[in-house]
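Asker: Chains as they are written, first to last, in the numbering used here: chain A, 24 to 244; chain B, 24 to 244.
Mind having a look at this structure? Questions to follow.
2 protein chains.
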Amino acid sequence: MASDHTRSAILAAAERLYADRGFGDVTLRDIVAEANVNLAAVNYHFGSKDELIAELFVTRSIATNRERLRELKAAEEQGGGRAPIEVILRALVGPTLRGCLGPQNQRSTAARFMIRASIESVPPIRRIKNREIDHLRKFAGAMRRALPERSEVDIYWGLNFALAMAHHTIRESERLTKLSEGKCDLDDVEDVVARVVSVATMALTAGKVEAKPRALARDAR
Amino acid sequence: MASDHTRSAILAAAERLYADRGFGDVTLRDIVAEANVNLAAVNYHFGSKDELIAELFVTRSIATNRERLRELKAAEEQGGGRAPIEVILRALVGPTLRGCLGPQNQRSTAARFMIRASIESVPPIRRIKNREIDHLRKFAGAMRRALPERSEVDIYWGLNFALAMAHHTIRESERLTKLSEGKCDLDDVEDVVARVVSVATMALTAGKVEAKPRALARDAR
DNA sequence: TTGCAATTCAAACAGTTGTATGAAACTATC
DNA sequence: GATAGTTTCATACAACTGTTTGAATTGCAA
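Structure follows, in structure tokens:
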């Protein structure tokens, strides 16, 4: 029902503006101007500015999460309930990286929006991210099944580090490019995925984390 | 000259409030109320709100960077111009982690402020962070000297991943605690440092990153 | 003490923000 | 084609923001 036209025009304009200029300096007035609709339309259709942002983020976010789970489920089914750790990690970080990196000039608005969201972190988005724990638990479960001999703590640390490398690389992609003077090619997404997965796998499978090698620190002093 | 009292009262109050409630909802009026000074004092002593935030961040930031370089220099001198990679990495991530983690109830205001700064990322702080590249280059140089047979690209990726693990762990420490139901002990800072250093070292020293193991992805489909 | 600069203060300013209102325009159903 | 419900619109609102102003006060030197 209803033409829906105004609603989606707002969503599109907001995503574009937020992606380009960040949440900080885009006002509702900017958005309605870009969308060619009336100022009051935002509150009419979304209730508030925060709910608009939340809807934008949730839409993209569940798309990524669905893809993640799809890959995970496929892998576990093929392996009879147990998937190789590399494949699990690839399902965890692949969709996010693919959704946010890739050749700059062909990055979708959605991708650029998600990068913004991971850099700026405004309240409505932070609230949503906090609800992501249940989703991550599914990966923790799969990882435990893949590495039953590994301690739970190590599993969680491995999961944490995998997400760390993926998200940080997205957040700081510009800086890494500058620091490496272009030598790190962030457009080759599959190479980035491979690197993250490879390191995370090592973290999770390497011989037991040796008991706190503090000796090293002492040597350094 | 001058009593300086007002100035430091503002700095202290601002750091406390920002640490507790974030940059988003702390106004100049909140700060001057907490500091028991006049509203105009902020602009008089700092020029603007952004400059106040910048000074707060810069102070803590150069303290950390100095500590990093001190550790790095000590290590390289002891090794005759070449330090073990673990020690370099420890110098890179140790000071930051020690400055931000540790038992919650004994975290300094400064530590809590820096955590905020790494979570919320406001414009004045982002501007400063962007100038950190020269500082990181020094570590990249040391790492190249430590691993001369390694390609530059791999060095930069290793550096990136080390910072990723450290910063993400700080940013998301609450979530990791919740996800792991307290099993990951973020109060044991030296253990966290050891884990990050250990994984980053593996990333940098493991046999050449095998040429894009895309086969794995294909298997998973 | 006098004079001068540095500091503090209350008050106002200027601008922006997200949101609410109530009338107008539209749409579809009977 | 009247009616009821939805959507759009111009406009106003109310609150809050960082910043400025100019007068008062303070501190220090001559």
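For glycine and all other residues, C-beta sits at the position ideal for the given N, C-alpha and C.
Nothing here was measured: the structure is a model prediction, and the numbers come from that model.
To be precise: take each residue of the segment 191-210 of chain A, compare its Cβ to all Cβ atoms of chain B, and keep it if any distance is under 7 Å. Which residues remain?
Answerer: So the close ones are HIS191, THR192, ARG198, LEU199, LYS201, LEU202, SER203, LYS206, CYS207.
Asker: Does the segment 153-167 of chain A come close enough to the segment 153-169 of chain B that 3 or more CB-CB pairs lie under 8 Å?
Answerer: At 8 Å Cβ cutoff, the stretches do not touch.
Asker: Who are the Cβ neighbours of LEU120/A in its own chain at under 8 Å, not counting the five residues just before and after it?
Answerer: Around LEU120/A: ALA189, THR192, ILE193, VAL212, VAL215, VAL216, VAL219.
Asker: Is ALA32/B helix, strand or coil when you go by DSSP?
Answerer: Helix.
Asker: At what residues does the alpha helix (DSSP H) containing LYS201/A begin and finish?
Answerer: Where LYS201/A is concerned, the enclosing alpha helix (DSSP H) stretches over 196-202.
Asker: Quick one: which unbroken alpha helix (DSSP H) runs of 4-plus residues sit fully inside the segment 115-201 of chain B? Chain order, please.
Answerer: Complete alpha helix (DSSP H) runs here, min 4: 132-143, 146-153, 156-169, 175-194.
Asker: Let me know the secondary structure DSSP gives PHE80/A once reduced to three states.
Answerer: Helix.
Asker: Which one of ARG139/B, LYS201/B, LEU75/B has the shortest CA to CA distance from ASP157/A?
Answerer: Ranking the options by Cα distance to ASP157/A, first place goes to LYS201/B.
Asker: Please go through the segment 50-103 of chain B and give each complete alpha helix (DSSP H) segment of 4 or more residues, from N-terminal end onward.
Answerer: Listed in chain order, the complete alpha helix (DSSP H) runs (minimum 4 residues) inside the segment 50-103 of chain B are 51-58, 63-69, 72-101.
Asker: For the alpha helix (DSSP H) that ARG218/A lies in, which residues bound it at each end?
Answerer: Element bounds for ARG218/A: 212-228.
Asker: Count Cβ pairs between the segment 94-113 of chain B and the segment 69-77 of chain B that sit closer than 8 Å; are there 3 or more?
Answerer: Contact fails: fewer than three Cβ-Cβ distances are below 8 Å.
Asker: Taking only beta-carbon positions, decide if GLU143/A is within less than 9 Å of chain B.
Answerer: Closer than 9 Å: yes.
Asker: Answer with yes or no whether the minimum CB distance from PHE80/A to chain B is below 9 Å.
Answerer: No, no contact with chain B.
Asker: Can a CB atom of chain B be found closer than 9 Å to the CB of ARG89/A?
Answerer: Not one chain B Cβ lies under 9 Å of ARG89/A.
Asker: For a cutoff of 9 Å on Cβ pairs, would you count ASN61/A as touching chain B?
Answerer: For ASN61/A, the answer is no, since every Cβ of chain B falls outside 9 Å of its Cβ.
Asker: Around the Cβ of ASN128/A, are there at least 16 other Cβ atoms within 10 angstroms (buried) or fewer (exposed)?
Answerer: The residue in question, ASN128/A, is exposed, as its Cβ has fewer than 16 Cβ neighbours within 10 Å.
Asker: By a C-beta neighbour count over all protein chains shown, 10 Å radius and 16 as the cutoff for buried, is ALA238/B buried or exposed?
Answerer: Note on ALA238/B: pLDDT 40, under 50, position unreliable in the model; the coordinate value appears next. The residue in question, ALA238/B, is exposed, as its Cβ has fewer than 16 Cβ neighbours within 10 Å.
Asker: Measure the alpha-carbon distance for PRO107/A versus LEU182/A and round it to whole angstroms.
Answerer: Near 14 Å, if we compare the C-alpha coordinates of LEU182/A and PRO107/A.
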